[in-house]
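So the sequence shown is numbered by the working numbering: it starts at 4 and just counts up by one.
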Amino acid sequence: MPTMHFLLSALLLHSFMLTASAKEALDIIIANNGGGYPYASPPPPACHPPPPPPPMCEPRLERGRKALVGFTGAVDKNKYISDWRGSDPCKFKGIRCAKYPDPEKQFAIAGIDLNGAGLSGRNRNPLLLSGLLDSIPELTFFHVNSNNFTGAIPPQITQYQYFFELDLSNNRLQGEFPKEVLQSSQLVFLDLRFNSLYGSIPSQLFQLKYLDVIFINNNQFTGTLPDAFASTPARYLTFANNQLTGPIPPSVGASKNLVEVLFLGNHFQGCLPYQIGLLNKATVFDVSKNWLTGPIPRSFGCLESIRYLNLEQNQFYGEVPETVCQLPGLRNRGNFSLSDNYFTQVGPACRRLIDANVLDVRNNCILGLPNQRPHDQCSHFFSNLKPCPNPKSLNYVPCKKYDPRGHILITSTPPPLPVSYNSLDPTRHR
């Protein structure tokens, strides 16, 4: 009953105010002979009305903006991020925005691209990844090639639902392989090259089921490649210029998605496993500048997609298989290097590749060809020769042999440089 009384009183008061106002307006109109106002026109306002307030930034976007602006306080003066101010972070250089895929569809900071920015910490302090990478959970990619970031990778990235690409290449990262990466199950692209990471390469890296690109070259990784290497779904692998040892594992043949793999510039030893011949999608295989030995397995004649095959600067020996020199990808303006080894014989198909400047056999032990090793070097090597532990496997051919009939095909232009070789340049980025 009191509530009803309060409502009725409010209605009566509202009605009285409207009636009184209407009466006053009518008196004014009558007094002025029917004019709408007591003056010829309404009086001008005392001052201009205030401008409308700026539109409110969406919560996800505003949180990201605050993280970016806060990060600038830790960075030495740098023109690259000099425009990181204002209310719209989507206009900041290197920032990509998109609608976050949740029911609200709010705009958020989806990516950060600071490649080549040359950022350093203010007052010579370390430039840490925390404070930036740990503050924007909507990130899908984080590219910071060629800066001076150091410190640990924030563990928060393991909780980012749509975080697909991480490029920390050519920075100042130190320590063992970052475990946070191993828990980022959505990663598709990983680039840690040109840092000072050390220790063994964890087997869990090859069990990330979406990882398509792994660039970890030019660090200080040691130890052997784990057998879990076979589990990787990756198409592009670069282990170049580390300190890895032991043999190339036979499990490499189970990595059936591999398109390009670079083992060059390590301390790999032993003979090549025949299972390499199972990599029928591989276009690039590079084991140059190692301590590998033995003949080329005849299974290499099954590498039907290969275009770049580099075995130079090792201790390989014996006859170069003709079936390898007959592979279409090498015959058609490919690149095949066997220089600085101890090979002793090449057949007609290989000689045609030599004449076409496709095959490089300089500094070997092949009689009748120019630019070979001195006789005493070859004699000394073969006097201390250690055979492969399973020589029969070297003759195993796990495919139907390629039909060698036909003539060498030379196109007008060579094939483009493979993707993986770009990773050997510290400033090249995605």
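Virtual Cβ for every residue (Gly too), placed ideally from N, Cα, C.
- Note: Y311 is bridge-paired with V287, N338 in the DSSP secondary-structure output.
- In this structure, DSSP gives G73 a helical state, which the three-state scheme calls helix.
- Our two residues, C93 and R99, have alpha carbons roughly 6 angstroms apart in a direct line.
- In this structure E107 is exposed. Its beta-carbon is surrounded by fewer than 16 other beta-carbon atoms within 10 angstroms.
- Judged by DSSP in its simplified three-state form, H383 adopts helix.
- The shortest CA-to-CA distance from R310 to any of N335, D230, T326, A155 is the one to N335.
- Here K395 is exposed. Its C-beta has fewer than 16 other C-beta atoms within 10 Å.
- Nearest neighbour of G321 by Cα position, chosen from K292, L312, N367, turns out to be N367.
- The criterion of a C-beta distance shorter than 8 angstroms is not satisfied by N220 and L200.
- Of N245, K259, Q246, N244, the smallest CA-CA separation from F232 is found for K259.
- For L208, there is no enclosing alpha helix (DSSP H), since its DSSP letter is neither H nor E.
- The three-state reading of DSSP puts L282 in coil, since its state is none of H, G, I, E or B.
- Around the beta carbon of Q380, fewer than 16 other beta carbons lie within 10 angstroms, which makes this residue exposed.
- If you look at K182, you'll find it in the alpha helix (DSSP H) that goes 182-185.
- The continuous stretches of alpha helix (DSSP H) do not include D194, which lies in the beta strand (DSSP E) extending over residues 192-194.
- Within the same chain, and ignoring the five residues on either side of K96 in sequence, the residues whose Cβ sits closer than 7 angstroms to its Cβ are Y83, I84, D86.
- For the 8 angstroms CB-CB criterion, S423 and E315 do not form a contact.
- Nearest Cα to L211 within the set S342, F167, N338, C274: F167.
- Going by C-alpha positions, N374 is about 30 angstroms away from S308.
- In the three-state reduction of the DSSP assignment, S90 falls in the coil class.
- Between the stretch 119-126 and the stretch 73-80, the count of Cβ pairs shorter than 8 angstroms is three or higher; the stretches touch.
- In the three-state reduction of the DSSP assignment, C274 falls in the strand class, which pools E and B.
- The C-alpha of E325 is placed about 8 angstroms away from the C-alpha of P351.
- Setting aside the 5 residues that flank it on each side, F152 is surrounded in the same chain by L122, L130, L131, L132, L171, N174, R175, L176, each with a C-beta closer than 8 angstroms to its C-beta; the list follows chain order.
- Within the same chain, G321, L397 come within 6 angstroms of P298 by CB-CB distance, once the 5 residues on both sides are set aside.
- Around the beta carbon of Y345, 16 or more other beta carbons sit within 10 angstroms, so the residue counts as buried.
- Between the C-alpha atoms of L312 and V327 there is a straight-line separation of about 10 angstroms.
- Rounded to the nearest whole angstrom, the CA to CA distance from P205 to P181 is 10 angstroms.
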